[in-house]
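**Student:** First the structure, which I've put down as C-alpha cells, then a few questions once you've had a look.
2 protein chains.
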Amino acid sequence: MRISAEIVSIGTELLMGQIVDTNAQHLGQLLPELGIEHYHRQTVGDNLERATQALRLALGRSDVVFTIGGLGPTEDDLTRDAVARALGVELEFIPEVAEKLRKLFALRNLAWTDAQNRQAMRPVGATVIENPNGSAPGLLCPSGGKWVICLPGPRGEFVPMVNGPVREFLASLNSETVIHSRVLRICGMGESLVEERLRDIIHGSSPTAATYAKSAEVHLRLTAMGANVAEADLVLDPVELEIRRRLGWHVYGSGETSLEEACLTELEARGQTLGTAESITGGGLGAQITVVAGSGAAFLGALVTYWTPLKTQLLGVPKELLATHGQVSAECAQAMAIGAKSRLGVDVALSTTGNAGPTPDTDGKPVGLVYVGLATPDGAWVEEFKFRSERAETRLRTQRVALTMLYRWLRGQLS
Amino acid sequence: MRISAEIVSIGTELLMGQIVDTNAQHLGQLLPELGIEHYHRQTVGDNLERATQALRLALGRSDVVFTIGGLGPTEDDLTRDAVARALGVELEFIPEVAEKLRKLFALRNLAWTDAQNRQAMRPVGATVIENPNGSAPGLLCPSGGKWVICLPGPRGEFVPMVNGPVREFLASLNSETVIHSRVLRICGMGESLVEERLRDIIHGSSPTAATYAKSAEVHLRLTAMGANVAEADLVLDPVELEIRRRLGWHVYGSGETSLEEACLTELEARGQTLGTAESITGGGLGAQITVVAGSGAAFLGALVTYWTPLKTQLLGVPKELLATHGQVSAECAQAMAIGAKSRLGVDVALSTTGNAGPTPDTDGKPVGLVYVGLATPDGAWVEEFKFRSERAETRLRTQRVALTMLYRWLRGQLS
Numbered sequence: 001m002r003i004s005a006e007i008v009s010i011g012t013e014l015l016m017g018q019i020v021d022t023n024a025q026h027l028g029q030l031l032p033e034l035g036i037e038h039y040h041r042q043t044v045g046d047n048l049e050r051a052t053q054a055l056r057l058a059l060g061r062s063d064v065v066f067t068i069g070g071l072g073p074t075e076d077d078l079t080r081d082a083v084a085r086a087l088g089v090e091l092e093f094i095p096e097v098a099e100k101l102r103k104l105f106a107l108r109n110l111a112w113t114d115a116q117n118r119q120a121m122r123p124v125g126a127t128v129i130e131n132p133n134g135s136a137p138g139l140l141c142p143s144g145g146k147w148v149i150c151l152p153g154p155r156g157e158f159v160p161m162v163n164g165p166v167r168e169f170l171a172s173l174n175s176e177t178v179i180h181s182r183v184l185r186i187c188g189m190g191e192s193l194v195e196e197r198l199r200d201i202i203h204g205s206s207p208t209a210a211t212y213a214k215s216a217e218v219h220l221r222l223t224a225m226g227a228n229v230a231e232a233d234l235v236l237d238p239v240e241l242e243i244r245r246r247l248g249w250h251v252y253g254s255g256e257t258s259l260e261e262a263c264l265t266e267l268e269a270r271g272q273t274l275g276t277a278e279s280i281t282g283g284g285l286g287a288q289i290t291v292v293a294g295s296g297a298a299f300l301g302a303l304v305t306y307w308t309p310l311k312t313q314l315l316g317v318p319k320e321l322l323a324t325h326g327q328v329s330a331e332c333a334q335a336m337a338i339g340a341k342s343r344l345g346v347d348v349a350l351s352t353t354g355n356a357g358p359t360p361d362t363d364g365k366p367v368g369l370v371y372v373g374l375a376t377p378d379g380a381w382v383e384e385f386k387f388r389s390e391r392a393e394t395r396l397r398t399q400r401v402a403l404t405m406l407y408r409w410l411r412g413q414l415s
Numbered sequence: 416m417r418i419s420a421e422i423v424s425i426g427t428e429l430l431m432g433q434i435v436d437t438n439a440q441h442l443g444q445l446l447p448e449l450g451i452e453h454y455h456r457q458t459v460g461d462n463l464e465r466a467t468q469a470l471r472l473a474l475g476r477s478d479v480v481f482t483i484g485g486l487g488p489t490e491d492d493l494t495r496d497a498v499a500r501a502l503g504v505e506l507e508f509i510p511e512v513a514e515k516l517r518k519l520f521a522l523r524n525l526a527w528t529d530a531q532n533r534q535a536m537r538p539v540g541a542t543v544i545e546n547p548n549g550s551a552p553g554l555l556c557p558s559g560g561k562w563v564i565c566l567p568g569p570r571g572e573f574v575p576m577v578n579g580p581v582r583e584f585l586a587s588l589n590s591e592t593v594i595h596s597r598v599l600r601i602c603g604m605g606e607s608l609v610e611e612r613l614r615d616i617i618h619g620s621s622p623t624a625a626t627y628a629k630s631a632e633v634h635l636r637l638t639a640m641g642a643n644v645a646e647a648d649l650v651l652d653p654v655e656l657e658i659r660r661r662l663g664w665h666v667y668g669s670g671e672t673s674l675e676e677a678c679l680t681e682l683e684a685r686g687q688t689l690g691t692a693e694s695i696t697g698g699g700l701g702a703q704i705t706v707v708a709g710s711g712a713a714f715l716g717a718l719v720t721y722w723t724p725l726k727t728q729l730l731g732v733p734k735e736l737l738a739t740h741g742q743v744s745a746e747c748a749q750a751m752a753i754g755a756k757s758r759l760g761v762d763v764a765l766s767t768t769g770n771a772g773p774t775p776d777t778d779g780k781p782v783g784l785v786y787v788g789l790a791t792p793d794g795a796w797v798e799e800f801k802f803r804s805e806r807a808e809t810r811l812r813t814q815r816v817a818l819t820m821l822y823r824w825l826r827g828q829l830s
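These protein sequence lines map, in sequence, to chains A and B. Note that the numbering used here has the first sequence beginning at 1, numbered continuously upward. Note that the numbering used here has the second sequence beginning at 416, numbered continuously upward.
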C-alpha cells in the first residue's frame, strides 16, 4: 500500500498571483521519486478558518499533509494555529527555540520584538525540524498514523529543509517499493535531436525516460521501480550506458552536477586556471561559476567591463578596434578573452559581450546579438548568437553558452 | 454581496511539478481587479473522479469556478466529462465546432483523427467561448445562478481568452466594485518591526495591509475597494503618506522598483558612478545591478578577485594587511572598496568578502562571516554580518545587504 501525500500552500500572495508556487513544484517533483502518491493540492489565503478546513479535508484523504508558508512571526502567519485546530490539540511554547531565535537576532544586530516568540510555538506532540537558513523552524506533527509537515515559505529555507531532513523522513515512511530516478545532463544538442537519437528508449516503459529542456541544455530523467535502490539501479545502469554511447561527450554529467562543476573538475585535474571578462553578463558568469563550492581551486577572478572605456583600460582592447567594430563584435569578444587571460594571469578565459536590450545599441547593434570568446593555450575562439529572448533570459543564456563553449574545448570538440 | 471565484487546475504535470501554474497566477491577478473574492484554489491530476469531486467542492462554496486545462483531444483530457458530472448534465456534440476544427486542420495540413471530435463536446446548456489561438474552445456552463468556466491550458490560448471574453463576462457579473492594490518596498528594517510601527494600519480594514518578508527587505501591500480605481486611490493615498512618514527613508520605492533600481536612479541624478570589488559574491553583485536596463548610466564595472593574490594585484590591497588580518576581514573589505574606487575610476564602490562555506577558511574564519565595504567621496565604511544560511543564500544576502548599505548612504543614513 503506497503512501499518499497532499500539499496545502498557505498565503494570500499565492492566490493573488504575486508569486508562483515554485515550492509546491519542488516538492511535487520529489514525491514520485520517493514512491509517494500525490493526487491533490490546495491553496488557501492567510485565513485561519479556511486553512483549518483545507487541512481537515487533506487529512481525510492523504497520509502525509504538507503545509507551505505561514510560519513567520507576524499575525497573518497562522499555519501553526490552523494545524493545531485541525489536529484538535493546543499550541505550546518551546523555550529552546525562542532562545535560539534571540541569539540569532543578536548575531544579526536585529531588534527583537515579542512577536518573534510566535515562531517558538508548536502544536502539542510536534517535533521541530531545524531551519539553519532562517528563523522559523519546520514542524513534524503526528496524527493517528498520519503526519502534518509544516515547511517555511522562503525558498532559501524551504529547499534545504525538503532536500535534507524531510526527504530523509519521507524515505523512512515508504520503504516497500522505491521509484528511483537519475538525471543525465546533456549540452550542445537540442531537445528534439536528443529525442530523435533516443526514440526507442523514450518510448520504452522500464525505465521510463523523459526529457526536459533547460536554458541551453537538456536533462533526461530515467526512472525505474524496484524493491530497493540497488534493484532499480540494475534497470537503469545498462540504459544509461547505452545513452552515453549514443550521445558521447554531449552527456556532461548526471544528478546534480552542473556544467560549471564539470568544467571546474576538469580544469582542476589539468591544473589549469580560469577567469572571465564580462560585459553583457555584468559578473553573472563569475557568479555562476562560484556557486560551486571549491571553485576557487580553478577560478581566479573576473574583469567586468560594463562601461566601454574599461574594456581598453582593464583588458587592453584597442580603442581602434572598438571604434571600427563596436563593443558588440566578434573582434571585441576575442580581444576581451585574450586580455583577461593575460591580465588575470589565467590559462583559460571566457568573455561575453552583447546587447541584452530592451533597445538597440547606439551603434545600431540589434537586441539579442551576443558574442562569446574563449582564449586558451591552444588559441582563441569566438561564437556569435542571436537570441530572441527577454533581457534577463538573454543574459542567462549567454552564461550557459559560454560554459558550453568551455566544456566543448575541454572535450576537444572546438575546432 | 460580492461574487466569489475559485480555480480548479487540472493536470498531472502540475502536481508532478513539470510545470508551474502561471495560468492560475494570471487569473489570480485579474480577480481582485474585478472586485471578485478569491479564497481557494485546487489542483488535481488527470483523473475523472478526483476532478469531479474538486468541482463539486468548489461549486459548494464559490459562485464562479474556473477549470484550467484538460480540454484537448486526448483521453486524459477529461475536464468536459468532469464538469458534466459535477453539474449533473449530459455531454452533447456541437456540429458547428467540429466543422470549424476540420477546417482548421485542413488549413494547417494536419491529419484529422476522430479523437478531435472530443473537443466539440459540451455539457448541455453550456455556451462556447471562441478560441482563435487553438483548437479547443472554452466553455461557459451555467448552474443555478453559478458558473463553471472552462479554459484551455496552453498559455498562448489561455491568456487571450482570459484577457478578452472572460474578463468581459466577469466584469458584467460584478460591476459594482474594484479592488486596487499597491506595494511599498522597505529595506533596513525587519518584518516584525515594520508591523510594530504600523500595527494600527495593519489591523485596519480599509485599506487592508499585509507584509511579506523578502531576502533582506519587506514588501507591504495596501489594498482598497472602490467603485473604480480613482476612488480606491482616495483610500490608499493618505495611508501611504502616513506609512512613509512613520518609516521614513526605509520606504525605498513602490510597485516593481527594485532596491538596485532605486540606487541607480539616485546615483544617475547625482551624476555619480558605481563599481564593485567582489570576492564572496563572485560577480553576483555586478550581475544583480545590471539586471536593471539602463544601469550602464551609473554602473561602470567590477573587479572580481576571488583568488587572494588578485586582491593585491587588481585592487592594491597590501600583502601585509592580508597576512595580518586575512582576506575575510573588515580591513580587507575596506581596502577592496577603496581600491575599486580608484582602479575603476568610480565615485562610489561596494566590496564583498566573506566565507560562504561549506567549510571554514584555511585561516579559521567561520562559515557565514561576511564583510561589506563602501567607499564614497565622504569616506569609507565597513559592516560585519554573521549569516547562518547555506552557501547560495549567504551569497545572495551579501548582495542585498551591500545594496542596502549603498542605499542608506545615498539617504544620508550611514554614519
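Ideal Cβ placement from N, Cα and C applies to all residues, glycine included.
1. For W824(B), which three-state DSSP category applies?
2. Quick one: which residues of the region 562-581 of chain B get their C-beta closer than 8 Å to a C-beta of chain A? List them in chain order.
3. With distance defined between alpha-carbon atoms, name the residue in L554(B), N524(B), F584(B) and N532(B) nearest to L445(B).
4. Which runs of the alpha helix (DSSP H) spanning at least 4 residues fall entirely within the region 309-352 of chain A, listed in chain order?
5. For F66(A), does the three-state DSSP call read helix, strand or coil?
6. So, with DSSP's three-state summary, where would you put F93(A)?
7. Please go through the same chain and pick out, in chain order, the residues whose beta-carbon is closer than 6 Å to the beta-carbon of A466(B), but skip the five residues on each side of it.
8. If the cut is a Cβ gap below 8 Å, which residues of chain A does D615(B) touch?
9. Which runs of the beta strand (DSSP E), 3 residues or longer, sit entirely within the region 678-725 of chain B?
10. For Y627(B) versus E13(A), is the C-beta distance shorter than 8 Å?
11. Once you ignore the five residues that flank I24(A) on each side, which residues in its own chain have a CB closer than 7 Å to its CB?
12. In chain order, what residues of the same chain lie with their CB nearer than 6 Å to the CB of G28(A), ignoring the 5 residues before and after it?
13. Given that K780(B) touches chain A, what residues does it touch there, using C-beta distances under 7 Å?
14. Indicate whether G553(B) and V504(B) have their beta-carbon atoms separated by less than 8 Å.
15. Just by C-beta distance, which residues in the region 20-43 of chain A are closer than 9 Å to chain E?
16. Taking 7 Å as the cut-off, is the C-beta of V435(B) nearer than that to any heavy atom in the ligand MG?
17. Hey, how far is the Cα of T691(B) from the Cα of N643(B)?
18. Could you tell me the distance, in whole angstroms, from the CA atom of S620(B) to the CA atom of R471(B)?
19. Out of G188(A), V20(A), G357(A) and A297(A), point me to the one whose CA is closest to I280(A)'s CA.
20. Please name the residue or residues paired with Q42(A) in a DSSP beta bridge.
21. State the Cα-Cα distance for the pair Q313(A) and P724(B), rounded to the nearest angstrom.
22. When you compare the CB of I289(A) with every CB in chain B, is at least one pair closer than 8 Å?
23. Does any CB atom of chain B fall closer than 8 Å to the CB of R80(A)?
24. Take E191(A) and list the residues in its own chain whose beta-carbon comes closer than 6 Å to its own, dropping the five residues that flank it on each side.
25. Do you know offhand how far R408(A)'s Cα is from Y252(A)'s?
26. Find out if the Cβ-Cβ distance for the pair S558(B), L474(B) is shorter than 8 Å.
27. Would you call the CB atoms of Q399(A) and L315(A) closer than 8 Å?
28. Mind listing which residues of the region 114-127 of chain A have their C-beta closer than 8 Å to chain B's C-betas, in chain order?
29. Which residues in chain B have a C-beta closer than 9 Å to the C-beta of D76(A)? List them in chain order.
30. Name the two residues that bound the continuous beta strand (DSSP E) containing T791(B).
31. Identify the contact partners of V304(A) in chain B, using a Cβ-Cβ distance below 7 Å as the criterion.
32. Any beta carbon from chain A within less than 8 Å of N643(B)'s own beta carbon?
33. Strictly under 8 Å for the Cβ-Cβ distance: is N355(A) near chain B by that measure?
34. Comparing alpha-carbon positions, which option in G271(A), T394(A) and V194(A) lies nearest A708(B)?
35. Measure the Cβ-Cβ separation of F385(A) and V401(A) and say whether it is below 8 Å.
36. Answer with buried or exposed for H203(A), where buried requires no fewer than 16 other C-beta atoms within 10 angstroms of its C-beta.
**Tutor:** Once the coordinates are examined:
1. helix
2. none
3. F584(B)
4. Taken in chain order, the complete alpha helix (DSSP H) segments of 4 or more residues contained in the region 309-352 of chain A are 319-325 and 330-344.
5. strand
6. In this structure, F93(A) counts as strand in the three-state DSSP scheme.
7. Excluding residues within five positions, the ones whose Cβ falls inside 6 Å are I425, V459 and A497.
8. Chain A residues near D615(B): none, gap ~13 Å exceeds 8 Å.
9. 689-693 and 714-720
10. yes
11. A small fix is needed here, since residue 24(A) is Ala in this sequence, not Ile. So the qualifying residues of the chain are I7, S9, R41 and I68.
12. Nothing listed; no residue qualifies.
13. Residues of chain A passing the Cβ test: none, with the nearest at roughly 14 Å.
14. no
15. Although the question refers to chain E, the structure presented lacks it and instead comprises the protein chains A and B.
16. Although the ligand MG was asked about, the structure shown includes no ligands whatsoever.
17. 46 Å
18. 32 Å
19. A check of alpha carbon separations from I280(A) across G188(A), V20(A), G357(A) and A297(A) identifies G357(A) as the nearest.
20. In the DSSP output, where bridge partners are listed per residue, Q42(A) has V8(A) and Q457(B).
21. 20 Å
22. I289(A) counts as touching chain B.
23. no
24. Closer than 6 Å at the Cβ level, and outside the excluded window around E191(A), lie T211, A213 and V218.
25. 10 Å
26. yes
27. no
28. A115 and Q116
29. I617, A625 and T626
30. L784 to T791
31. In chain order: G698, G701, G716, A717 and V719.
32. no
33. no
34. Put simply, of G271(A), T394(A) and V194(A) the residue whose alpha carbon is nearest the alpha carbon of A708(B) is T394(A).
35. yes
36. exposed
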